[in-house]
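Heads up, the sequence shown is in my numbering, so the first residue is 1 and it goes up one at a time.
Ideal Cβ placement from N, Cα and C applies to all residues, glycine included.
The block underneath contains the structure these notes are about, expressed in structure tokens.
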Amino acid sequence: MSSLVQSVDWLAIAPPTLAAVVGLVVLVADLFVGDARKAVLGWISVAGLAASALLLLPLLDGDRATFCLTGDADACSYVADRFTLVIQLLVLGGALLAALLSVTALKDADKDLPEGEYWFLLLSSAAGAALLPASRDLATLIVALEVASLPAFALVGIRRGDRKSSEAALKFFLSSVTATAVSLMGVSFVYATTGTLHLTRIADRIQHVDGQFHTLAQTGVVLTLVGFAFKTAAVPFHFWVPDTYVGAPLPIAAYLSVVGKAVGFSGLILVTVIAFPSYADVWGPALAALAALTMTVGNVGALRQRSTRAYSAVRLLAWSSVGQAGYLLVPIASAAYSKDAQKAIGSTVAYALMYAAVNLGAFAVAALVARTSPLNRISDYRGLYARNPLSALVLGFFLLCLAGLPPGIIGLFAKVTVFSAVVDAGLGWLAVVMAVNVVIALFYYLQWTTLLFRAPEGEPGTHRVPAPLTAAIALTAVLGVALSGAPQLILRFSETGLF
């Protein structure tokens, strides 16, 4: 009789484990640290996330797997391959930048935000998000998705006595729970037809499902995708985004815009390309339609934002993130039709890395402006160049990256990579829809960029930039400029190694 005891590769699971352990340390330390020294909890959290990211380096020497079935070394619950490491770097790097923004936000909040709980929730969510790309069975995937999501609900509504924040958290929670319930039903259908939860085994068995269960299997495939489509903010699962971003503390909006999307699209990639490749005729057209709908609704929503409306800058970034989610879905849909699915998936990862760096940078500058203009209207950015030239130049650069215009070469490169994937897959109609949406997006990105350099209304004030905020803006700017100088690095780095 074979042993049921499994060895644990502690190095492989170290990055998400360390983030979770530091979260527990911060929660306990909060009981013993006085109010005057609460800031130290933030720096412990920043150091913990940086250390978690550094623990990815020893894993670069080869693929690792743990929690495998004793009789089948290929059926594992946790795999640290190239795809996992790239997404974990994106997640932990995004959480680290959100933590830097949070240090300043918590100081400015003046006890309106409970610090110990805040850092515990952020680290817990980051641990779940880092676990998800390594998950190779549906049970672990759903658990990781919920560990990433549940703390995020609390973070959105953590501001004391703020009705807007509480309403945003409730809307986010109810819609997410509904999407998760639908996904769990899909998982149960897949398990009923295949008798396994491991992705590699599902891929083998679902091809040979008995004819009378074929419809059940198809339904299971579609329903399983819903929870991950919700996380990517794909239309029609996007309606929570604008209100949630406005109601949440700004660093949490930045975190959701990048890490939430990374969780969603990495989950979609795993279930479609690894578990359901034989059902590409089901999920391919579905994701292509979702991509077209998502980018169109997102960009039109961003286009309709009025510059004088309260929180219009955050709302524009929210609708823009919905539009960008559409671009991220395009290569995943293309993988269903492409002869080189690995290249198509690599295009999504490359686009996600670009988007993460520049979108976090845009939110960092928005957090800076919000310190003197709490309503964060687009009109508040008028004349930013006169008040803070470097911030204006950096934000202008980030917006041009998102638009895909020089000097934001990395944004242009990422969009060309996605176009290449969709054309190679023969989806000409989707390429046309994407081209139209890129033109729509140009209008509102350029409109905001030109506003930065107009003459200010009244006397230009000065923005004092705290050190953590300076570090976040500088890190994203350096990353954006470096990748614009050598954009081929991001494509080489994003080779997934999934196959």
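| Asked | Found |
| --- | --- |
| Cβ neighbours of Phe-413 in the same chain (closer than 7 Å, five flanking residues each side left out) | Pro-487 |
| Residues bridged to Ala-65 [DSSP beta-bridge criterion] | Val-79 |
| Spatial neighbours of Ala-217 in its chain, beta-carbon cut-off 8 Å, leaving aside the 5 residues before and after | Phe-189, Val-190, Thr-193, Thr-194, Ile-206, Val-209, Tyr-279 |
| Ser-135, DSSP secondary structure in three states | strand |
| Pick from Thr-348, Ile-490, Val-33, Ala-139 that is closest to Pro-114, judged by C-alpha positions | Val-33 |
| Continuous alpha helix (DSSP H) stretch holding Leu-483: start and end | 467-485 |
| DSSP beta-bridge partners of His-198 | Asp-137 |
| Burial state of Lys-111, where buried means 16 or more other Cβ atoms lie within 10 Å | exposed |
| Gln-212 classed as buried or exposed, judged by whether at least 16 other C-beta atoms fall within 10 angstroms | exposed |
| Buried versus exposed, by CB contacts within 10 Å (16 or more), Ser-3 | Unreliable positioning characterises Ser-3 in this predicted model, as indicated by a pLDDT of 48, which lies under 50. The coordinate reading is nonetheless provided below. When all chains shown are included, Ser-3 counts as exposed. |
| Nearest-angstrom Cα separation, counted from Val-330 out to Val-422 | 7 Å |
| Whole-angstrom distance between Ala-152 and Leu-501, CA atom to CA atom | An answer regarding residue 501 cannot be provided, because it is not within the stretch 1 to 499 covered by the chain. |
| CA-to-CA distance, Gly-323 to Phe-499, given in whole angstroms | Because the pLDDT at Phe-499 is just 48, under 50, the model does not fix this residue reliably, and the point stays unresolved. |
| Where the alpha helix (DSSP H) containing Leu-225 begins and where it ends | 214-231 |
| Beta-carbon proximity list for Gly-260, same chain, < 6 Å, skipping 5 on both sides | Lys-231 |
| Proximity below 8 Å, CB of Leu-399 to CB of Thr-449 | yes |
| First through last residue of the alpha helix (DSSP H) which encompasses Tyr-381 | First-last for Tyr-381: undefined, no H or E at that position. |
| Reference His-198; option with closest CA among Asn-299, Arg-136, Leu-223 | Arg-136 |
| Cutoff 8 Å; reference Ala-229; Cβ partners in own chain excluding five residues on either side | Ala-179, Phe-237, Gly-264, Leu-268, Leu-290 |
| Beta-carbon proximity of Tyr-337 to Gly-426, cut-off 8 Å | yes |
| Separation of Leu-145 from Val-21, as counted between CA atoms | 18 Å |
| Thr-66 versus Asp-74: straight-line alpha-carbon distance, rounded | 10 Å |
| Three-state secondary structure (DSSP) of Asp-243 | helix |
| CA-to-CA distance, Leu-69 to Met-1, given in whole angstroms | The pLDDT assigned to Met-1 is 39, lower than 50, so where the model puts this residue is not dependable, and the model offers no usable value. |
| Nearest-angstrom Cα separation, counted from Val-418 out to Ser-347 | 6 Å |
| Whole-Å CB distance - Ala-127 paired with Val-147, under 8 Å assumed | 7 Å |
| Sufficient close CB pairs (3 or more, under 8 Å) joining the region 427-445 to the region 470-487 | no |
| Where Ser-3 falls: helix, strand or coil (DSSP) | Residue confidence for Ser-3 is low, a pLDDT of 48 falling below 50, so the modelled location carries little weight; the figure read from the coordinates is stated next. Of the three classes helix, strand and coil, the one that applies to Ser-3 here is coil, per DSSP. |
| Straight-line gap, Thr-296 to Ala-203 (C-alpha atoms, nearest Å) | 33 Å |
| N-terminal and C-terminal residue of the alpha helix (DSSP H) that Thr-450 is part of | 428-452 |
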